[in-house]
Amino acid sequence: MRELVVLGTASQVPTRTRNHNGYFLRWDGEGILFDPGEGTQRQMIHAGIASSEITRICITHAHGDHCYGLPGILSRMALDRVPHPIRLHYPAAGEDVIWPLISVASPGIDLRVYPHEEAGEIAPGLEVRPLFHRTVTFGYRLTEPDGRTLVPEKLAAAGIEGPDVARLQHQGSLRGVKLEEVSIPRRGQRFAFIMDTAPCTGAEELAEGADLLVAESTFSDDDSELAAQFRHLTAGQAGQLAASGGVGTLILTHFSARYADVGPLVDQARAHAGNTTVIAANDLDRFSFPKRRQGVVDSR
């Protein structure tokens with residue numbers, strides 16, 4: 005099962021309707037919590053997410069609205085006696101903030117920390133790229149390996165059915181029939197998570213070919229000077245990022261408290277997003293992954 009559960013959508017200042025950041029991704033056997041800001045533990049209760057579902061925590065940077073919920077989450081996991089290891093990823097430059105947060109959490113869980121300092125793969129299928137913010141910040145990207153989709157008509161014509169189908173998939177060939185002859189390429193799904201940043205190469209690399217992109221949209225295009233000053237994206241810039249990367253669905257979030265109505269921000273993003281579907285996230289929204297893209301597998 006692959007699903008994104010949005011726990012909070014505010015930026016630095018929460019509002020009556022928007023909690024601080026928090027995003028929970030169900031990705032096959034993983035439960036990945038991104039950027040747990042204050043109140044994330046309570047939002048998880050509202051969303052029906054148990055602490056035991058978390059297997060990995062990814063923090064983009066050490067600003068409070070992206071990590072101050074960490075002690076509460078870890079303490080709840082200790083209270084619930086979560087038995088499996090929890091892997092925590094964060095920029096090494098933020099250790100002076102992250103370690104004190106870890107230290108005040110209740111002991112009792114198998115927490116394994118993985119600070120990173122540069123672009124690259126940090127776990128199987130999980131990679132990071134540097135962003136351009138006021139402090140060291142990294143975005144995250146999950147990539148499923150490319151595969152193949154079986155074509156029933158071709159299987160029938162080759163006389164392969166029942167348990168032989170699984171054997172063909174496992175072995176790659178069966179009775180002179182190659183897997184490639186009865187299937188078509190299936191591109192692996194991609195998820196990208198981009199928080200506080202001005203436009204930069206790292207954001208472009210993360211967004212490239214993403215089926216689902218979560219991107220900050222802190223400011224309106226009308227406030228582009230503020231966005232540049234604080235190194236954030238405007239809604240239009242988020243749309244441009246999605247369009248240039250051929251993104252399937254763009255989820256806008258991390259809205260400034262100055263915008264009671266984010267409808268105009270959605271319009272601005274859509275004006276630049278090309279064929280990308282654009283949605284403004286609200287707290288407790290759930291998004292299933294788009295259908296898999298089939299066809300020629302490319303190198304993106």
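All residue numbers in the sequence shown are consecutive under our numbering, ending with 304.
Yeah, the Cβ is synthetic: ideal placement off N, Cα and C, and Gly gets one too.
Which term fits residue i, buried or exposed, when burial requires 16 or more other beta carbons within 10 angstroms of its beta carbon?
i: L256; result: buried
i: G166; result: exposed
i: G267; result: exposed
i: Y72; result: buried
i: T21; result: exposed
i: Y118; result: exposed
i: P58; result: Looking at the sequence provided, one finds Ile at residue 58 rather than Pro. With 16 or more Cβ atoms within 10 Å of its Cβ, I58 is classed as buried.
i: Q365; result: Residue 365 is absent from the model: the chain starts at 5 and stops at 304.
i: A285; result: buried
i: W103; result: exposed
i: G124; result: exposed
i: N279; result: exposed
i: H70; result: buried
i: S15; result: buried
i: G12; result: buried
i: E131; result: buried
i: Q175; result: exposed
i: H88; result: exposed
i: V17; result: exposed
i: E42; result: buried
Could you please give the first and the last residue of the uninterrupted beta strand (DSSP E) stretch that includes residue i?
i: S187; result: S187 to R190
i: S292; result: R290 to S292
i: R152; result: G151 to L154
i: E99; result: No beta strand (DSSP E) holds E99; the alpha helix (DSSP H) holding it covers E99 to S107.
i: V282; result: T281 to A284
i: V218; result: L216 to E220
i: F234; result: No beta strand (DSSP E) holds F234; the alpha helix (DSSP H) holding it covers S228 to F234.
i: T238; result: It is not in any beta strand (DSSP E) - T238 carries neither H nor E in the DSSP assignment.
With distances taken between CB atoms, is the gap from residue i to residue j smaller than 9 angstroms?
i: R152; j: S187; result: yes
i: F28; j: V218; result: no
i: L8; j: F234; result: no
i: V10; j: D287; result: yes
i: T44; j: F142; result: no
i: L105; j: I90; result: no
i: Y144; j: A196; result: yes
Identify the continuous alpha helix (DSSP H) that holds residue i and give its terminal residues.
i: T205; result: T205 to A211
i: L83; result: L74 to L83
i: I49; result: T44 to A51
i: R171; result: P167 to Q175
i: Q16; result: Looking at the DSSP string, Q16 is not in any alpha helix (DSSP H), and its letter there is neither H nor E.
i: L183; result: Here L183 belongs to no alpha helix (DSSP H), and DSSP marks it neither H nor E.
Spell out the partners DSSP gives residue i in its beta bridges.
i: R126; result: In the sequence as displayed, the identity of residue 126 is Ile instead of Arg. BP columns for I126 are empty, so no partner.
i: V375; result: Here the chain has residues from 5 to 304 only, and residue 375 is not among them.
i: H93; result: C62 and Y118
i: T147; result: R194
i: A202; result: F136
i: E34; result: W31
i: L4; result: Since the displayed the chain opens at 5 and closes at 304, residue 4 lies outside it and no answer follows.
i: E2; result: Because the chain here runs from 5 to 304, residue 2 falls outside it and cannot be looked at.
Legend entry - Cβ pair count under 8 angstroms reaching 3, the region 141-153 against the region 241-259: Segments in contact, no.
Inset, instruction - Take every Cβ of the region 110-121, pair it with every Cβ of the region 80-89, and state whether three or more of those distances are shorter than 8 angstroms. - result: The region 110-121 is in contact with the region 80-89.
Inset, instruction - Would you check if there are 3 or more beta carbon pairs closer than 8 angstroms linking the region 167-183 to the region 40-60? - result: Contact check between the region 167-183 and the region 40-60: fewer than three CB pairs, one atom from each, fall below 8 angstroms, which does not count as touching.
Inset, instruction - Decide if the region 258-277 is in contact with the region 222-229; the criterion is three or more beta carbon pairs, one per stretch, under 8 angstroms apart. - result: Verdict: yes, contact present.
Legend entry - Inter-stretch contact (C-beta, 8 angstroms, three-pair minimum) for the region 201-214 and the region 156-175: No, the region 201-214 is not in contact with the region 156-175.
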